[in-house]
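Residue numbers (my numbering): 20 to 593.
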RNA sequence: CGGGGUGUAGCGCAGCCUGGUAGCGCAACUGCUUUGGGAGCAGUGGGUCGGGAGUUCGAAUCUCUCCACCCCGACCA
């Protein structure tokens, strides 16, 4: 591709409303443009990358025996009413009505459609197992779309659905997809982790997420460095500490703590560690009342664990400040478990702390040297916190390490939820109708592109892994339009690359070298060759890999073989 | 949805308080010079000042209203 024939649409300035680096770089590189909140066009450069991602997915899905099809975005309401999700789904489901006043939606996912296809097309267990997939545009009317294509309303997803006659078959299909996903993410060339996850509202027993690791990731994942345990932090059990509670050493006292509202204030103000302080959170109870949850000051509440507790409202809701002050008589910031007239549940780690600091349930007062069992009743204990770095790994050896990730893939076992509600049955060998066991498998295609950038960039721009790069090699001639020798050498090299099927980008624009270099680095092409009059006179060309610190000068007569060696796969044999 | 904020040229912004008919930088276009890290000079084009209503002789500016977009939303107890 010649730059002069391409729509290279780079921006020098960073658009103000792009908060995260991938969004900024995608806009600056001219990959995407926004039309409305969470609605983007993919410009030619961005689309090339998107297609790379899709192609890898397609090849590996095909290899795993899945069959590609294409389902509609516009979906009739009847199917959603059959599955029951027309009423269950919140406002994320974009509903609309056609000219005949028929209800419909723009599909956020395709279980209903694929089940409808299945029940019309498949009648016999002999046709199973079966796995249909598509790469298609989804629409979810997010409350707050942000981070560019990371969380947009319209996005491209690969979704696959497997059908089996029994659970064992479903497990086999799931395992095949698990392996296919590993192959896909390996081929992307990204640093990722597969972790076990909460199956959430979709149901089913087994579920795994695939996360691209990046410090900016919205999810925390925990894994054992010694064992093979890895899971989304929201699902990880915090094992109760093995140690006994430390003994009380002093009488409980009340101290004045004006202006100290947070654990940090308190720890600094009293000169104790956050671990020594109790964090008391007030949440809504099922019956409309309140429940107190007590954590060690340095720990965080795990909402999933908390909402499963007896008596706690699900989904978890923190109590309104007004309700707290009205019920307890003291403001938030001074609440503690001692003398608190509420159902109280204490995290295991908080329950072994002796001589702790906690709110005194009077404004601007805290207790010090408080002790469980002495100053109040023995606590009701539960696991309600997120695990932290260094916690013991459940079901495995070693300690947990916490990393941040971006969820780009999720595989589930659905069971018979949709096949039963939508009456999709096949006949088994005895001629009896059986609702098949389904699995569903998603990859956020557009999100993979953004995640790849979050993980791989520098001050100059994007650094694509080779498998996702829009072009493999940038040829940057200096004075292409002035120097006949430069033009000659450049055209020769360009022609050679085209012949070899190499995806090459020739920047033949009549621009100053600095502009060309900056653009090539911004759009992240992995390799760069510079041809200049100066170099050619010295019988040299310059090469620089995108993440190399500096360029190297190499003999001009090795240029052809050098390029061939860069891409052995793409070179013609011999 | 609640709270806060912003809408002026493709992008980034000033002008608004104190009303007088719109400006800067980048980008674009033309010409000349320049050519190894986002050039210089000269010139050109481009704006319903988010929409509507109102006040006024006169509104980007004041008032009302609608819209769009952005940010924050529980770890604080």
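Note that CB positions come from ideal geometry on N, CA and C, so glycine has one too.
How about residue 353 and residue 315: do their beta carbons lie closer than 8 Å? no
Hey, how far is the Cα of residue 593 from the Cα of residue 521? At residue 593, the pLDDT of 39 sits below 50, so the modelled position is not reliable; the number obtained from the coordinates is stated separately. Approximately 16 Å, taken between the alpha carbons.
Mind checking whether residue 297 and residue 274 have CB atoms under 8 Å apart? no
Please name the residue in 435, 83, 480, 534 whose C-alpha comes closest to that of residue 134. 435
Using only CA atoms, which one of 341, 277, 62, 453 lies nearest to residue 308? 341
Cβ contact (3+ pairs, closer than 8 Å) linking the stretch 407–420 and the stretch 240–258: yes
Thinking just about the alpha-carbon of each residue, which of 318, 464, 123, 482 is nearest to the one in residue 402? 318
Tell me the rounded alpha-carbon separation between residue 392 and residue 399. 11 Å
Candidates 412, 129, 519, 116: which alpha carbon is nearest residue 586's? 519
What is the DSSP secondary structure of residue 516, reduced to helix, strand or coil? helix
Quick test of the definition: if touching needs 3 or more C-beta pairs under 8 Å, does the stretch 141–155 touch the stretch 412–420? no
Can you check the stretch 115–149 for any beta strand (DSSP E) of at least 3 residues that lies completely inside it and give the ranges in chain order? 122–125
Tell me whether the beta-carbon of residue 486 lies closer than 8 Å to the beta-carbon of residue 109. no
Spatial distance of residue 142 from residue 446 (CA atoms): 6 Å
The stretch 429–443 touching the stretch 456–470, judged by at least three CB pairs closer than 8 Å: yes
Could you pull out every residue in the same chain whose Cβ sits closer than 8 Å to the Cβ of residue 334, ignoring the five residues on either side in sequence? 322, 326
Under a Cβ-count criterion, where at least 16 other Cβ atoms within 10 Å of its own Cβ denotes burial, should residue 174 be classed as buried or exposed? buried
Reference residue 505, options 237, 552, 75, 474, closest by Cα: 552
Secondary structure at residue 193, three-state DSSP: helix, strand or coil? helix
Within its chain, find whatever has a CB closer than 8 Å to the CB of residue 49; leave out the 5 residues flanking it on each side and keep chain order. 26, 27, 28, 29, 30, 62, 64, 65, 542
Chain-order list of residues whose beta-carbon lies under 8 Å from that of residue 441 (same chain, five-residue window excluded): 98, 101, 102, 131, 134, 135, 138
Where in the stretch 273–357 do unbroken runs of the alpha helix (DSSP H), each at least 4 residues long, occur, reported from the N-terminal end onward? 282–289, 322–326, 340–347
When you compare the stretch 571–583 with the stretch 508–515, are there three or more beta-carbon pairs, one atom per stretch, that lie closer than 8 Å? yes
Distance CB(residue 378)-CB(residue 281) smaller than 8 Å: no
Quick one: is residue 360 buried, meaning 16 or more other Cβ sit within 10 Å of its Cβ, or exposed? exposed
Given that a residue counts as buried once 16 or more other Cβ atoms are within 10 Å of its Cβ, and exposed if not, what is residue 451? exposed
Identify, in the order they occur along the chain, each residue of the same chain with its Cβ nearer than 7 Å to the Cβ of residue 185, setting aside the five sequence neighbours on each side. 456
In chain order, what residues of the same chain lie with their CB nearer than 8 Å to the CB of residue 116, ignoring the 5 residues before and after it? 122, 123
Residue 248: which of 235, 216, 262, 269 sits nearest, CA to CA? 216
Helix, strand or coil for residue 471? Go by DSSP, reduced to three states. helix
Would you identify the three-state DSSP class for residue 574, choosing helix, strand or coil? strand
Inside the stretch 411–480 only - beta strand (DSSP E) runs reaching at least 3 residues: 419–434, 456–463
Would DSSP call residue 362 helix, strand or coil? strand
Inter-residue Cα distance where the pair is residue 668 and residue 539: Because the chain is modelled from 20 through 593, residue 668 falls outside the range shown and cannot be assessed.
For residue 287, count the other beta carbons within 10 Å of its own beta carbon; 16 or more makes it buried, fewer makes it exposed. Which is it? exposed
Do residue 357 and residue 311 count as a contact pair if the criterion is CB distance below 8 Å? no
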